[in-house]
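Mapped onto the numbering used here, the consecutive letters of the sequence shown carry residue numbers 31 to 426. Backbone N, C-alpha and C define an ideal beta-carbon position, used for all residues, glycine too. Bear in mind that the values here come from a model prediction, so they are computed numbers and not experimental data.
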Amino acid sequence: MVKYLLFKYLRFDKSQPFITLSAILAFLGVSVGLMVLIIAMAIMNGFDKEFERKLFTMNYPITIISYMKGSIDDSDVAKLKEQFKELKFSPYISTQAIVKHGNKLEGGLLFGVNFDYEKQINSVVKEALSNTTPSGFEILLGKGIADDFALSLNEKVTMLFMQLSAGGLVSMPTMKRFNYVANFSSGLIAYDKAYSYTDVNALAKILGYESGRYDGIHIYSNNPKSDIVKLNQNLSPGQRAIGWWEQNGNFFSALELEKRALFIVLMLIILVASLNIISSLLMTVMNRRQEIALLLALGASKSEIKKSFFTQGVVIGGSGIIFGLILGLFGVWLLGSFDIVNLPADVYGSSKLPMELALSDLAMILIGAIVIVLLSSYYPAKKASNVDILTTLRNE
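What follows is the structure, given as structure tokens:
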């Protein structure tokens, strides 16, 4: 009975073409809505992961900081290396400084590091220093600063430090000339115009640090969220380990909120498309009232009638979901494999649209679409099973 009614009512009816047209529109609406939602979530995830990778590199998985400048020494680093052999450590000194070249000034953050250690934990620095390693008063600048100043390799730049030094009757900022030997590009202009690196011993001399004293330690870890707990349990008083996700918590919270809002808004497309399922089934019910009443009078149960129309709605919506899933996955592959959409590489780090579809997001999309289709199919099916047999046969 159920299969017979399903195929009968899904066939094109010349006398009522609008019912079939409404069903086709419902099918296409669900398909297009699901396709758009899958592609949009893949794009959002792609940008999230791209920003996460860049922030992960330039912020370091874990950073040990101290509440006092220069309070971390070589013994602290050696102790941590002994306790956590699987981690990579790069102690550093940091200070705010102004880069001066000609008449141009640019503020930023200068790190003093051991480049042999830094290359092991920072792929951006490693790539930039593939042919050289700064030593003494040599500096690695971000590409943003180097381009703004139109610097050529081995040119001199002046660094102005906040530390004051005596100059006649007044105190003046400490100044030191550095030799520009290389530049790095992280893909994020905010870092390329703010970060600079030099040898840790050279910066220690300028700032008056004792040899072997540091402000903090950059750490590379494959499992930073678990390792950070162990580190905090073994640090000396006044020291604390913080993760890159804690340093950028507000940024990722904003991205997550934007992603959820986009999911809800685009899910409304499927919800609107499901209204066509309701209207199509209701028109079928109203057009087939006599047949339904006659079937009920001949012994068909209400559950069979309800199941027939419910199945019809599920077939229309379900086929739309399957077709939309195919279109969505094909769209993700197409946009991710070819440069159909060109992005400014200096802003995003790549001219190709980043596409990354998480299985959890795909599951949420499919579950949401299935729930909407099921709910849209239930009401018309319930309406069909409640047809009044006597009134319908008498009046129609």
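In angstroms with no decimal places, state the Cα-to-Cα distance between residue i and residue j.
i: LEU171; j: ARG83; result: 21 Å
i: ASP30; j: SER241; result: Given a span of 31 to 426 for the chain in the structure shown, any question on residue 30 remains unanswerable.
i: ILE73; j: SER215; result: 23 Å
i: SER226; j: GLY138; result: 7 Å
i: GLY348; j: VAL403; result: 7 Å
i: TYR239; j: GLU80; result: 37 Å
i: SER120; j: VAL107; result: 9 Å
i: GLY166; j: GLY217; result: 27 Å
i: THR204; j: PHE114; result: 38 Å
i: PHE208; j: THR162; result: 15 Å
i: ILE249; j: GLY76; result: 26 Å
i: LYS382; j: ILE69; result: 15 Å
i: GLY361; j: ILE308; result: 29 Å
i: ILE294; j: PRO384; result: 22 Å
i: ASP369; j: ILE128; result: 39 Å
i: GLN320; j: ALA327; result: 10 Å
i: ILE356; j: GLY350; result: 10 Å
i: ASN262; j: PHE179; result: 42 Å
i: ALA56; j: ALA393; result: 22 Å
i: GLU499; j: GLU276; result: Summary: the structure shown does not reach residue 499, with the chain confined to residues 31 through 426, and so no result is reported for it.
i: VAL259; j: LYS156; result: 28 Å
For residue i, which of the options has the nearest alpha-carbon?
i: ALA414; options: LYS336, TYR97, LYS186; result: LYS336
i: GLY63; options: LEU405, ILE395, ASN416, VAL401; result: ILE395
i: ILE92; options: VAL295, LYS109, LYS173, ASN152; result: ASN152
i: TRP363; options: VAL345, GLU386, THR341, VAL344; result: GLU386
i: SER310; options: VAL66, TYR408, MET71, ALA70; result: TYR408
i: VAL187; options: HIS131, ALA291, TYR147, GLU148; result: HIS131
i: LEU159; options: LYS289, LEU51, LEU183, GLU136; result: LEU183
i: SER406; options: LEU305, MET313, TRP274, GLN150; result: LEU305
i: TYR147; options: ILE356, THR228, LEU190; result: THR228
i: THR341; options: MET192, ILE400, LEU301; result: ILE400
i: LEU389; options: ALA53, MET71, THR50; result: MET71
i: ARG290; options: ASP78, GLN126, ASN416, GLN150; result: ASP78
i: MET65; options: LEU190, LEU359, VAL211; result: LEU359
Which term fits residue i, buried or exposed, when burial requires 16 or more other beta carbons within 10 angstroms of its beta carbon?
i: SER338; result: buried
i: LEU237; result: buried
i: ASN253; result: exposed
i: TYR122; result: buried
i: LEU287; result: exposed
i: PRO410; result: buried
i: ASP104; result: exposed
i: SER61; result: buried
i: LYS134; result: exposed
i: TYR244; result: buried
i: GLY198; result: Because GLY198 sits at a pLDDT of 49, beneath the cut-off of 50, its placement in the model cannot be relied upon, and the point is left open.
i: MET98; result: exposed
i: LYS149; result: buried
i: PRO267; result: exposed
i: VAL371; result: exposed
i: LEU298; result: exposed
According to DSSP, is residue i helix, strand or coil?
i: GLU185; result: coil
i: GLY132; result: coil
i: MET205; result: strand
i: THR125; result: strand
i: LYS118; result: strand
i: MET98; result: coil
i: GLY361; result: helix
i: THR371; result: Sequence inspection shows Val at residue 371; the Thr mentioned does not correspond to that position. Coil at VAL371, not helix or strand.
i: THR93; result: strand
i: PRO410; result: helix
i: MET192; result: strand
i: ASN144; result: coil
i: GLY198; result: Its pLDDT being 49, under 50, GLY198 is placed unreliably in this model, and the value from its coordinates should be taken loosely. GLY198: coil per DSSP, three-state reduction.
i: ASN280; result: helix
Is the CB of residue i under 8 Å away from at least one CB in chain C?
i: LYS111; result: In the structure shown, chain C does not exist; there is a single protein chain.
Just to confirm, does residue i get its C-beta within under 7 Å of one of the non-hydrogen atoms of the ligand GDP?
i: ILE294; result: The ligand GDP is not part of the structure shown, which contains no ligands of any sort.
Taking the runs of the beta strand (DSSP E) that are 3 residues or longer, which of them lie wholly in the region 220-255? 225-229, 246-250
May I have a chain-ordered list of the alpha helix (DSSP H) segments no shorter than 4 residues that lie completely inside the region 284-324? none
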